[in-house]
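Take a look at the structure below.
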Amino acid sequence: KAGVTQTPRYLIKTRGQQVTLSCSPISGHRSVSWYQQTPGQGLQFLFEYFSETQRNKGNFPGRFSGRQFSNSRSEMNVSTLELGDSALYLCASSFPDLATTNEKLFFGSGTQLSVL
Amino acid sequence: QQPVQSPQAVILREGEDAVINCSSSKALYSVHWYRQKHGEAPVFLMILLKGGEQKGHDKISASFNEKKQQSSLYLTASQLSYSGTYFCGTEAGANNLFFGTGTRLTVIP
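So this is what it looks like as structure tokens:
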């Protein structure tokens, strides 16, 4: 079974631009969560999607958004990029759902975003 | 809602033991532990669901004290392969995990 796939692996953008990151969960997983990882802050929760619906959202500004498609693939978008958005963005999927968060997360390798 | 992990970093010699602590200001439903090696994705270690529960595999185990809202990860007779950053993730009933800032563990020969 293929693991969680994130594309692209690396991305360089300039301030003010927008970016879209993609995540393909493990086949059969319906929940996808997104995290921002920075050296000082660890893993910060962005949002979680289940069956195309955003169920939870972390404490990030509205510039960060996401969506999930009917095949469970997910995208996250960051508009008007700021220098502080430079980070590793990880997505994680779980099976069969995250109703009780008892299911372990399978993480992708992440997209390293650099904002210049 | 982010749990607090301690210590932030620890260096061990092979064969030594270590304890990583994770505490939350909120009542917890479950605690997850993950390990991330440099340049790789975090990998699941274990979930603790009930207060008082203890789990382990190989020489890595964990406990969950529901009343104290904390969990501890125990690494015994450490091996070089244990090196990495350990994260605890806590779930307080909102169907999402909040992770601590991580504990960087380095095992040296």
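Line by line, the protein sequences are chains A and B.
Counting the first sequence from 1 gives a position; my numbering is that position plus 424.
Counting the second sequence from 1 gives a position; my numbering is that position plus 1.
All C-beta atoms in this analysis are idealised placements derived from N, C-alpha and C, irrespective of residue type, glycine included.
Model, not experiment: these values are computed from the prediction.
Residues near residue i by beta carbon distance below 8 angstroms, same chain, minus five either side
{"i": "P110 (chain B)", "result": "R14, E15, L81"}
{"i": "L529 (chain A)", "result": "S457, A516, S517, S518"}
{"i": "G482 (chain A)", "result": "Q468, F469, L470, F471"}
Minimum C-alpha distance to residue i - residue among the options
{"i": "Y459 (chain A)", "options": "A:S510, A:V539, A:E506, A:S451", "result": "A:S510"}
{"i": "A63 (chain B)", "options": "B:S84, B:A42, B:H39, B:Y35", "result": "B:Y35"}
{"i": "N480 (chain A)", "options": "B:S79, B:F88, B:F99", "result": "B:F99"}
{"i": "S79 (chain B)", "options": "B:E17, B:I12, B:V44", "result": "B:E17"}
Residue i vs residue j beta-carbon contact at 8 angstroms
{"i": "V502 (chain A)", "j": "T438 (chain A)", "result": "no"}
{"i": "S533 (chain A)", "j": "Q430 (chain A)", "result": "yes"}
{"i": "H33 (chain B)", "j": "I21 (chain B)", "result": "no"}
{"i": "S84 (chain B)", "j": "T102 (chain B)", "result": "no"}
{"i": "S2 (chain B)", "j": "K38 (chain B)", "result": "It is worth fixing the name first, because residue 2 (chain B) is Gln in this sequence and not Ser. Not closer than 8 angstroms, so no."}
Same chain, Cβ closer than 6 angstroms to residue i, neighbours up to 5 away in sequence not counted
{"i": "S489 (chain A)", "result": "N501"}
{"i": "L445 (chain A)", "result": "M500, Y513, T535"}
{"i": "E92 (chain B)", "result": "Y30, S31, L98"}
{"i": "Q441 (chain A)", "result": "L505"}
As assigned by DSSP and simplified to three states, the class of residue i
{"i": "G466 (chain A)", "result": "strand"}
{"i": "G427 (chain A)", "result": "coil"}
{"i": "L435 (chain A)", "result": "strand"}
{"i": "L106 (chain B)", "result": "strand"}
Residues near residue i by beta carbon distance below 7 angstroms, same chain, minus five either side
{"i": "L46 (chain B)", "result": "W34, Y35, R36, I61"}
{"i": "P432 (chain A)", "result": "T535"}
At 3 residues or longer, and completely inside the segment 32-98 of chain B: list those beta strand (DSSP E) runs for me, N to C. 44-49, 55-58, 61-66, 71-76, 85-92
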